[in-house]
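Read the structure below first, then the notes.
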Amino acid sequence: MNILAVNQLSSIWNFLLESSLHYGLNAVLAIFTLAVGWWLSSRFANALDRVMARASLDATLRPVLRSVLLWLVRLITLVAVLGQFGVQTASIIAVLGAASLAIGLALQGTLQNIAAGMMLLLLRPFQVGEYISNGSIEGTVDEIGLFATKLTKADGICLFAPNNQLWNSALTNFSRNNTRRIDMPIGISYKDNPAVAIQALKELLLADERILATPAPFVVVTDHADSAVMLNLRAWTTTSEYWDVRWSIAQKVQAALAAVDCSIPFPMRELHITREAEAKLAA
Numbered sequence: 540m541n542i543l544a545v546n547q548l549s550s551i552w553n554f555l556l557e558s559s560l561h562y563g564l565n566a567v568l569a570i571f572t573l574a575v576g577w578w579l580s581s582r583f584a585n586a587l588d589r590v591m592a593r594a595s596l597d598a599t600l601r602p603v604l605r606s607v608l609l610w611l612v613r614l615i616t617l618v619a620v621l622g623q624f625g626v627q628t629a630s631i632i633a634v635l636g637a638a639s640l641a642i643g644l645a646l647q648g649t650l651q652n653i654a655a656g657m658m659l660l661l662l663r664p665f666q667v668g669e670y671i672s673n674g675s676i677e678g679t680v681d682e683i684g685l686f687a688t689k690l691t692k693a694d695g696i697c698l699f700a701p702n703n704q705l706w707n708s709a710l711t712n713f714s715r716n717n718t719r720r721i722d723m724p725i726g727i728s729y730k731d732n733p734a735v736a737i738q739a740l741k742e743l744l745l746a747d748e749r750i751l752a753t754p755a756p757f758v759v760v761t762d763h764a765d766s767a768v769m770l771n772l773r774a775w776t777t778t779s780e781y782w783d784v785r786w787s788i789a790q791k792v793q794a795a796l797a798a799v800d801c802s803i804p805f806p807m808r809e810l811h812i813t814r815e816a817e818a819k820l821a822a
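In the working numbering, the protein residues as written are 540 to 822.
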């Protein structure tokens, strides 16, 4: 082996050694930066969550702000890791811009959910802990995310509803107001005195301390149906006690009417047969 070949091998060896040391060191620094960044993102997010809890910030906003800070720190970490390998920041921004445009075109529905989630967080048509319904979606709100809202249905089933469906439809919030009215239709027999039945039902309402005095409860005749005179019982109570009061009143109505000799009739039909009809039936 001549001297020239030895020098070339030596140069190649030195180049490989220097490159290995350089990229190896960069790889170690990148792994260290990634680990530290991921650890710091969790620490910062948890710290922000504790600060928001001490400040009694709305529980609706807390998970969203925590997620934003978490992924912001992680994104900065990823940019720093790429910089360890000589990737220019301007190139990263250009790539992210192009990728954002492509993703935006491909995920229009998802972006609509994000926009709807931001509007729900800003305008607050409902908050965590409230019971809502828009006809097809119903339940108690557990969490409002950027993409979907987590609810628990009345039967305990977990439901994830896209934000866009909640934002773009009429929505009923059953928990927002402090009071709620009970409407209960009740039928009595045509043989009974409506005034007596109304007085008995009023006394039933006034005897329940959970019924609010203002607005005052009342009972009125609303209709004359096929088999009964229809009364409508109306009373106001607190939203938290609505169902307990409604079920309690419904259980006591029959006994209250029976105490004043009034009854809730069964549906009935009267059939009148004329002489001509009798002749036709006999023929």
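Just so you know, even glycine gets a beta-carbon here, dropped at the ideal spot from N, CA and C.
Quick caveat: nothing in here was measured; it's all calculated off a predicted structure.
- By alpha-carbon distance to Ile-788, the top candidate from Val-799, Gly-668, Glu-742 is Glu-742.
- Membership of Leu-751 in any alpha helix (DSSP H) is not indicated, and neither H nor E is assigned to it by DSSP.
- Only residues of its own chain outside the window of five on either side were considered, and among them Trp-706 have a CB closer than 7 Å to the CB of Met-658, listed in chain order.
- Lys-791 and Val-758 have their C-alpha atoms roughly 15 Å apart.
- Taking 8 Å as the cut-off, the Cβ atoms of Tyr-781 and Arg-715 do not count as close.
- Under DSSP, Phe-699 forms a beta bridge with Lys-689.
- Secondary structure at Leu-770: strand, using DSSP grouped into helix, strand and coil.
- Here DSSP, grouped into helix, strand and coil, assigns Ser-728 to coil.
- The C-beta of Gly-726 has 16 or more other C-beta atoms within 10 Å across all chains shown, which makes the residue buried.
- Secondary structure at Ser-672: strand, using DSSP grouped into helix, strand and coil.
- Cβ-Cβ distances below 7 Å link Asp-762 to Met-769 in the same chain, with the five nearest sequence neighbours on each side left out; the list follows chain order.
- Going by beta carbons, Ala-655 and Asn-732 fall outside the 8 Å limit.
- Sixteen is the threshold: since fewer than 16 other Cβ atoms of the shown chains lie within 10 Å of the Cβ of Phe-805, the residue is exposed.
- Rounded to the nearest whole angstrom, the C-alpha separation of Ala-774 and Met-723 is 9 Å.
- Here DSSP, grouped into helix, strand and coil, assigns Gly-656 to helix.
- By the Cβ-count criterion, Gly-576 is buried, with 16 or more other Cβ atoms from all chains shown falling within 10 Å of its own Cβ.
- In this structure, the CA atom of Thr-649 is about 13 Å from the CA atom of Thr-688.
- Under the DSSP assignment, Val-667 falls outside any beta strand (DSSP E); it carries neither an H nor an E label.
- Between Ile-676 and Thr-711, the gap from beta carbon to beta carbon reaches 8 Å or more.
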